[in-house]
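Take a look at the structure below.
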Amino acid sequence: MAAEPAKTLVDLALSKDQKGEVLDTLEQDARQLSAASAEGMAGGEPSELREILEAKASLALPPVEHAYAVVLNDLRARLAGGASGAARGAAEQALAALGAMARHPAP
Numbered sequence: 012m013a014a015e016p017a018k019t020l021v022d023l024a025l026s027k028d029q030k031g032e033v034l035d036t037l038e039q040d041a042r043q044l045s046a047a048s049a050e051g052m053a054g055g056e057p058s059e060l061r062e063i064l065e066a067k068a069s070l071a072l073p074p075v076e077h078a079y080a081v082v083l084n085d086l087r088a089r090l091a092g093g094a095s096g097a098a099r100g101a102a103e104q105a106l107a108a109l110g111a112m113a114r115h116p117a118p
């Protein structure tokens, strides 16, 4: 089972329903981590709640829009994960290009 939102979305071994279940579990964990952090408890990894909610929202999209959402989430995750050099530049360019396409969809 995938443990990250972006990896969950592209996991070919999981059905759409299974992906939703995994993301629900990740959301619950992230909310608990956020609550513990707000109460001053030290907790391990920072919450990925935003990424999880974006992944869940993309599951409800039609197939083409879902595919774009998966790619955008992956690019954002790569940048947040510290991609450097040529990989970072390529991810930034791809993100900018896909963002421009989303703002100006085909007729």
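For the sequence shown, position 94 (counting from the first letter as 1) is numbered 105 according to the working numbering, and the numbering increases by one without interruption. Here a beta-carbon is modelled for each residue, glycine too, at the ideal position from N, C-alpha and C. Keep in mind it's a predicted model, so treat the numbers as computed, not measured.
Proximity of residue i and residue j at Cβ, strictly below 9 Å
{"i": "ALA80", "j": "SER69", "result": "yes"}
{"i": "LEU86", "j": "LEU60", "result": "no"}
{"i": "GLU15", "j": "ALA102", "result": "no"}
{"i": "LEU109", "j": "ARG99", "result": "no"}
Residue i versus residue j: straight-line alpha-carbon distance, rounded
{"i": "SER26", "j": "SER45", "result": "28 Å"}
{"i": "LEU37", "j": "MET112", "result": "30 Å"}
{"i": "ALA13", "j": "GLN43", "result": "Confidence at ALA13 is low in this model, with a pLDDT of 45, below 50, so the placement of that residue is unreliable and no value is reported for it."}
Per-residue burial, residue i [other beta carbons within 10 Å of its own, 16 or more giving buried]
{"i": "ALA66", "result": "buried"}
{"i": "ALA24", "result": "exposed"}
Reference residue i, options the options, closest by Cα
{"i": "ASP119", "options": "ALA71, ASP40, ARG42, PRO116", "result": "In the structure as shown, the chain starts at 12 and stops at 118, and residue 119 therefore has no counterpart that could be examined."}
{"i": "GLU76", "options": "ALA117, ASP22, SER48", "result": "ALA117"}
Close beta carbons around residue i, own chain, < 7 Å, minus the five adjacent residues each side
{"i": "LEU20", "result": "LYS30, ALA66, SER69, VAL81, ASN84"}
Cβ-based neighbour list, residue i, same chain, cut-off 8 Å, excluding 5 preceding and 5 following
{"i": "ALA41", "result": "SER58, GLU59, LEU60, ILE63"}
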